[in-house]
DNA sequence: AGCACCGTTGTGAGCGTTCACAACGCAAAA
DNA sequence: TTTTGCGTTGTGAACGCTCACAACGGTGCT
């Protein structure tokens, strides 16, 4: 009758307290049927289902992921792969960007909706380590899907490995447009939105601080600016390139602002470079926004608390990662996916760093 | 000879690509010996060890956590348990606190050193959900250790459940001082350091904005201020309580600053309330630090970027979580632990929000 | 020489779950 | 009535690994 169901308290070896066998014994149906109920499979009589479910609830049974994974089912794990060097650097610098938070929470919450779990994982930048570390993570965890963030999104070694293992992956902010799951945040369009916003406020000399070439988003943002400027018939000579760091932002801002005919507004490709630009402006006795308007990309928490609060393009990191999770789960189920890339668009958050030149004369405070 | 080692490519069911059996076949030793090498167990001849290791490296073998966990070994997983409501709220507010980052990275990096993995997990605040969710997480993941953050650190339901299951846990910022693994950040002492810093700069009327009673740290910080003030023979009438939110900081600051004999300096129990205090001061035409000095707790990224940058007590969240991880692993190995609570002390980061009253007269810019 | 002992290696079982497949029962079709 | 078929349930094996225990060989003791 009682088919080897553990009797007393678990001693020594720490084992699962209540297993599928307990449920089997309690509900009086076979192991397999219990499994069917757990996995919500078809062809189970409603009454059986009810009975099993009652036992599960009563005993507080939760299936062991380890055992599930062992017998070839899903692992219900999704890996968020990040570049170790870059992540640790950003973390140590504590410059107020919160994309780790956004990724983690945005991904976790969406995972939770589907009964999945997100695991945040760091992988090295160097080619030989990538293969070893990625293999280790995959073998150890056996995830059902992997989310790739820049610069890993465009790493052929990684995507190759994943393809060989037939693990679904989603790339965020990747260069490649077609093929597998791919998401972007509409960078080019949003750069256009920022530019047109400034044009509408009467700005004509609009400078741009681009990001480093390694990131696909850098060029996309620049393109958006270029196109919007051309559309408005304006000069695109005021462009400098930084590397997303504060220091590089200072240099770029300095070059831009010491021109003979300096910009009245600058769009920076991220918050740090915008903050740096603001500091340079201050050191040159220029007031933001009266003497220089500023729009930045990312909209990390810091930009709300500086004086003046910066107008910024919000990057919907959480939504994007959430969407990636959803696509991965869909793809695992074999359902069809929307055309790629999926774009989750940001929005322009207006604050106080842009002056309205069309209302000239009312300059003072 | 080739004992059932999978021959071709894995078809259909996605199985582990290279298993312990491949290593067994390749190295010519028994399965069990390979296992011994993997787990670094004693009583293996160096030559065997070398041979097995060579095969492992050659084949790129990595043990499957799932299988390891199945057969009763460690899971090499540590759970970081956070309050769902509070975490999501902080995340959505985007007020620039980076403790999620700090916890995650600090914990992950320390875990990586020991071959462990950190999993960030959210658990509800409500009693009935706690039990269900915690049980689910434990049954699914079977972690080797759990890190409890406030307010979960003092939740008897959680600690009880964990004890019953014999899972090691570490509490951070808990009220309870003895017993199991417990860590604090020396809040009381650091509040004293902040207070004495202000006293040394010539301040006599020093206000304090406390945190909510639900958090053990609130009272500890207040105690530190109280003691340091008493030590300096100063009045402790300037104390208000907030709840760590910006809004509550505004109210508290308002009450403090509209006194007949207002403070020349205020210590806020977190950054948000300090930021709020700064805004209130500005609205009352008080300049920081000339008219009001400010010291805050936490030292989150934002406080570096406001004008003036705030002097703050840095909370070593990453180090503390790292230490918790280490203690958990030690405890799992059955090694002895240091006396509890372990305290990881913060430090006073001096920036520009404190005026030196001893150099009176040189007030202007 | 005989014995106990320890370091080293191998063997069989079992962990909790799902897979493939077999077996059952009942309704519709021949 | 017999056949075909499908919905439903159960059975045995397998997943990758570690546990307890057995077996082997050598050393040191009596």
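Residue numbers (this note's numbering), protein chains in the order written: chain E, 1 to 365; chain A, 1001 to 1365. We treat Cβ as the ideally placed atom computed from N, Cα and C, and that holds for glycine. Bear in mind that the values here come from a model prediction, so they are computed numbers and not experimental data.
In three-state DSSP terms, what is residue 1287 of chain A?
coil
By Cβ distance below 7 Å, which residues in the same chain neighbour residue 1323 of chain A in space, the five residues on each side in sequence not counted?
1183, 1342 and 1344
Pair within 9 Å by beta-carbon distance, residue 303 of chain E and residue 1101 of chain A:
Not closer than 9 Å, so no.
Closer than 8 Å at the beta carbon, the chain E residues around residue 1173 of chain A
Result: empty, since nearest Cβ-Cβ is about 20 Å, beyond 8 Å.
Residue nearest to residue 1149 of chain A in terms of C-alpha spacing, selected from A/1332, A/1169 and A/1050
Of the candidates A/1332, A/1169 and A/1050, the one whose C-alpha sits nearest the C-alpha of residue 1149 of chain A is A/1169.
Alpha-carbon to alpha-carbon, residue 202 of chain E and residue 356 of chain E:
7 Å
Quick check on the DSSP output: what are the complete alpha helix (DSSP H) runs of length 4 or more inside the region 285-322 of chain E, in order along the chain?
302-305
Comparing alpha-carbon positions, which option in E/193, E/211 and E/172 lies nearest residue 269 of chain E?
Distance check between residue 269 of chain E and each of E/193, E/211 and E/172 places E/211 closest, using alpha-carbon atoms only.
On the CB-based measure, 16 or more other CB atoms within 10 Å of its CB, does residue 126 of chain E come out buried or exposed?
exposed
Starting from the C-beta of residue 60 of chain E, find all residues in its chain whose C-beta is less than 8 Å away, skip the five residues before and the five after it, and write them out in chain order.
18
Within the region 47-78 of chain E, ranges of the alpha helix (DSSP H) (whole runs, at least 4 residues)
65-70
Rounded to the nearest angstrom, how far is the Cβ of residue 1187 of chain A from that of residue 1221 of chain A, given a contact under 8 Å?
5 Å
Could you tell me if residue 46 of chain E is buried or exposed, where buried requires 16 or more neighbouring beta carbons within 10 angstroms of its beta carbon?
Residue burial annotation: residue 46 of chain E is exposed, with fewer than 16 other C-beta atoms found within 10 angstroms of its C-beta.
Would a check of beta-carbon distances place residue 83 of chain E closer than 9 Å to chain A?
no
Tell me, please, whether the CB atom of residue 135 of chain E is closer than 9 Å to any CB atom in chain A?
yes
Establish whether the CB of residue 1108 of chain A and some CB of chain E are separated by less than 9 Å.
yes
Is DSSP giving residue 1226 of chain A helix, strand or coil here?
helix
Give the straight-line distance between the Cα atoms of residue 1176 of chain A and residue 1301 of chain A, rounded to the nearest whole angstrom.
30 Å
Using 8 Å as the Cβ pair cut-off and three pairs as the minimum, do the region 1279-1291 of chain A and the region 1320-1338 of chain A touch?
no
So, using beta-carbon positions, are residue 1266 of chain A and residue 1208 of chain A closer together than 9 Å?
yes
Just to make sure I have the definition right: I need the residues of chain E whose C-beta is within less than 7 Å of the C-beta of residue 1301 of chain A. Which are they?
94, 95, 96 and 302
Is the shortest distance between the beta-carbon of residue 60 of chain E and the beta-carbons of chain A less than 9 Å?
yes
Is there at least one Cβ from chain E nearer than 9 Å to residue 1353 of chain A's Cβ?
Chain E contact via Cβ: absent.
Please classify residue 1359 of chain A as buried or exposed, where buried requires at least 16 neighbouring CB atoms within 10 angstroms.
exposed
Residues that residue 1305 of chain A contacts on chain E, provided the C-beta gap is smaller than 9 Å:
95, 96, 275, 302, 303, 305 and 306
Report the residue from E/151, E/113 and E/226 whose alpha carbon sits nearest the alpha carbon of residue 213 of chain E.
E/151
Buried or exposed, going by whether 16 or more other CB atoms sit within 10 Å of the CB of residue 1231 of chain A?
exposed
Comparing alpha-carbon positions, which option in E/349, E/71, E/172 and E/192 lies nearest residue 318 of chain E?
E/172
Determine, for residue 1315 of chain A, whether the minimum Cβ-Cβ distance to residues of chain E falls below 9 Å.
no
Would you tell me roughly how many angstroms separate the C-alpha atoms of residue 277 of chain E and residue 249 of chain E, rounded to the nearest one?
So the alpha carbons of these two residues sit roughly 6 Å apart.
Please state if the CB of residue 108 of chain E and the CB of residue 1120 of chain A are separated by a distance shorter than 9 Å.
Closer than 9 Å, so yes.
Note down the Cα distance separating residue 7 of chain E from residue 25 of chain E, rounded to an integer number of angstroms.
Residue placement at residue 7 of chain E is poorly supported in this model, since its pLDDT is 35, which falls under 50; the coordinates still yield a value, given next. Each residue's alpha carbon lies about 12 Å from the other.
So with CB distances below 8 Å, who are the chain E contacts of residue 1169 of chain A?
Within chain E, no residue comes near residue 1169 of chain A; the closest Cβ sits about 14 Å away, beyond 8 Å.
Could you please give the first and the last residue of the uninterrupted beta strand (DSSP E) stretch that includes residue 1023 of chain A?
Taken as a continuous stretch (DSSP letters only), residue 1023 of chain A belongs to no beta strand (DSSP E), being part of the alpha helix (DSSP H) at 1020-1027.
Please compile the residues from chain A whose C-beta is within a distance smaller than 7 Å of the C-beta of residue 91 of chain E.
1101 and 1105
Under a CB-based cut-off of 9 Å, is residue 344 of chain E close to chain A?
no
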